[in-house]
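K.L.:
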């Protein structure tokens, strides 16, 4: 039984499909929605949007570490060929950086929330916009890994196993 749990499938994974994209899309959506709610709250003065933004940011901060764990595990099983290594390295570096940046922004957001839950400064929104842009670039790199380089797709896994891709 232990042998069946340790064996890898056609995607070179011990489970049916990659889990990193599932978890990370949850994180992406929560970060973008948090910024959107904070922005709408800032424009309209309806502080309830700030509460929604805060909780989305808080849960995204916890979830990004789960996404990174799955991402590191699945990247380790991917056996990337030479052409994909640089993109995978950038994606990994930015992912870890985003976890720290997101944790810092969430801590800052918590302080702002404790001081005045009905107001956000404009410079916080500027940082939120920069975070959104960085998340967008990270999404681009992740898409490139799957849709251009085919990481964890059956044809690419087979090509690497057969030595076709160095």
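In the working numbering, the protein residues as written are 22 to 187.
Even glycine gets a Cβ: it sits at the ideal position worked out from N, Cα and C.
Computed from a prediction, not measured in an experiment: that's the story for all the values here.
Check the C-beta distance from residue 162 over to residue 108 and give it rounded, since I have them as a contact under 8 angstroms.
P.N.:
Position 141 of the chain shown, counting from 1, holds the residue named residue 162. Position 87 of the chain shown, counting from 1, holds the residue named residue 108. Right, the Cβ-Cβ distance comes to about 6 angstroms (below 8 angstroms), so this counts as a contact.
K.L.:
Ignore the nearest five residues each way along the sequence and tell me which others in residue 178's own chain have a CB closer than 7 angstroms to its CB.
P.N.:
For the purposes of this step, residue 178 is taken as residue 157 along the chain shown, with counting starting at 1. Contacts found: 31, 32 and 33.
K.L.:
Looking at the secondary structure, which residues open and close the alpha helix (DSSP H) in which residue 84 lies?
P.N.:
Position 63 of the chain shown, counted from the first residue, corresponds to residue 84. Unbroken alpha helix (DSSP H) run through residue 84: 69 to 99.
K.L.:
Closer than 7 angstroms by C-beta to residue 80: which residues in its own chain qualify, once you throw out the five before and the five after it? Chain order, please.
P.N.:
Position 59 of the chain shown, counting from 1, holds the residue named residue 80. Excluding residues within five positions, the ones whose Cβ falls inside 7 angstroms are 51.
K.L.:
Measure the alpha-carbon distance for residue 129 versus residue 160 and round it to whole angstroms.
P.N.:
As a working mapping, residue 129 is identified with position 108 in the chain shown. As a working mapping, residue 160 is identified with position 139 in the chain shown. The alpha-carbon atoms of residue 129 and residue 160 are separated by roughly 24 angstroms.
K.L.:
Classify residue 22 as helix, strand or coil using the three-state DSSP reduction.
P.N.:
The residue given as residue 22 occupies position 1 in the chain shown. A caution first: residue 22 carries a pLDDT of 49, below 50, which makes its placement in the model unreliable, though a value can still be read off. Reduced to three states, the DSSP call for residue 22 is coil.
K.L.:
With DSSP collapsed to three states, give me the class of residue 42.
P.N.:
On the chain shown, position 21 is the one that residue 42 refers to. Residue 42: helix per DSSP, three-state reduction.
K.L.:
Find out if the Cβ-Cβ distance for the pair residue 149, residue 59 is shorter than 8 angstroms.
P.N.:
In the chain shown, residue 149 corresponds to position 128, counting from 1. In the chain shown, residue 59 corresponds to position 38, counting from 1. It is a contact, given that the beta carbons lie within the stated cut-off.
K.L.:
Report yes or no: do three or more beta-carbon pairs, one from the segment 138 to 148 and one from the segment 43 to 50, lie closer than 8 angstroms?
P.N.:
Short answer: they don't touch.
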